[in-house]
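In our numbering, the protein residues as written are 91 to 418.
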């Protein structure tokens, strides 16, 4: 999306900051560790193996895709936001889903720890096609697809044009690039002077050259994506890919309009959004829900763009309930 349009990062604003560790840091750190311990205890209590390993999967076209494999059960391919980021911001927040499902956290083509490719070869079509190439390479007969933010835009395209997943979770998704840009402009205007540097940072994505520059842009953007304060240090372990971000910033992030084609989605679909999401707003979520026959809509109260970080338990409960019903 041109001009004022946002990067759709699942944690926009992950600059590295060095500072003393305070009570807030410790509280968030304990919360992260608690989530992971709860997931491990529940798996062990029901005799499930704890599966958590990294691998690079070679697709049919020879490109290597990095995957973290967590949990055991019905496979769920998980697509991150961005573009130009990786999957790390999902963890450990989504890990409790591994109690019930096999989570396949993906670094999308050319990003994160996946093999580098020419950014000019990347598009929404390519990312959507990669889902099936990955499923084929992993030997998956059936799978669900969960995408957040830019990953949700890929997920929606897959649901419309390919439709091979057993179920879809569209988390913080957009209905069209034009409507998304208008929503973001309105949100920035409502922020007044505080929105000016955020707006400027999106324009600067068109010339971002280094990972440090990318992380500084994300640091500036972070307040826009959370209803409250983000966890201290959130996103510091991101492996950023500035050339991919720069490429998409200059071509309008895919220039999509899904509204006329939403009726083509034939698989069970959950649309989930934060009540205070200023990026991919409840308006967009309602448009997706109304256009996809039989879809479910969950609006998380008091939450911004990062629902799985801000209120992980209601998010996990909604996704778990939906996936059990859709894949059981």
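Virtual Cβ for every residue (Gly too), placed ideally from N, Cα, C.
Among the residues of its own chain, which have a CB less than 6 Å from the CB of residue i, if the five just before and after it don't count?
| i | result |
| --- | --- |
| residue 387 | 361 and 379 |
| residue 205 | 153 and 154 |
| residue 136 | Low confidence applies here, because residue 136 scores a pLDDT of 48, under 50, leaving its location unreliable; read the following figure in that light. The answer is none, since no qualifying residue turns up. |
| residue 164 | 191 and 417 |
| residue 230 | 165 |
| residue 270 | 264 |
| residue 337 | 209 |
Is the Cβ-Cβ distance between residue i and residue j less than 8 Å?
| i | j | result |
| --- | --- | --- |
| residue 287 | residue 174 | no |
| residue 417 | residue 395 | no |
| residue 238 | residue 344 | no |
| residue 263 | residue 374 | yes |
| residue 220 | residue 203 | no |
| residue 176 | residue 197 | yes |
| residue 184 | residue 193 | yes |
| residue 149 | residue 223 | yes |
| residue 218 | residue 260 | no |
| residue 329 | residue 209 | no |
| residue 317 | residue 366 | yes |
Residue range of the alpha helix (DSSP H) that residue i falls in?
| i | result |
| --- | --- |
| residue 405 | 402-417 |
| residue 248 | 240-251 |
| residue 41 | Outside the displayed range of the chain (91 to 418) lies residue 41, so it cannot be described from this structure. |
| residue 149 | Unbroken run through residue 149: none, as it is neither H nor E. |
| residue 267 | 267-281 |
Which residues does DSSP list as the beta-bridge partners of residue i?
| i | result |
| --- | --- |
| residue 261 | 238 and 362 |
| residue 158 | 144 and 195 |
| residue 178 | For residue 178, which the question treats as bridged, DSSP gives no partner whatsoever. |
For residue i, collect the residues of the same chain with a Cβ closer than 7 Å to its Cβ; drop the 5 residues on either side in sequence, then sort them by chain order.
| i | result |
| --- | --- |
| residue 266 | 346, 347, 348 and 349 |
| residue 381 | 349, 352 and 353 |
| residue 127 | Any reading at residue 127 needs caution, since the residue's pLDDT is 49, under 50, leaving its predicted position unreliable; the model's value is listed next. Same-chain partners within the cutoff: there are none. |
| residue 307 | 291, 294, 295 and 298 |
| residue 303 | 332 |
| residue 403 | none |
The beta strand (DSSP E) with residue i in it runs from where to where?
| i | result |
| --- | --- |
| residue 196 | 191-197 |
| residue 390 | 386-390 |
Leaving out the 5 sequence neighbours to the left and right, which residues in its chain are closer than 8 Å to residue i when beta-carbon positions are compared?
| i | result |
| --- | --- |
| residue 257 | 234, 235, 357, 358, 359, 360, 412, 413, 416 and 417 |
| residue 401 | 390, 392 and 393 |
Subject >> Within the segment 335-383, ranges of the beta strand (DSSP E) (whole runs, at least 3 residues) >> reply: Taking only runs of at least 3 residues, the beta strand (DSSP E) segments lying wholly in the segment 335-383 are 359-364.
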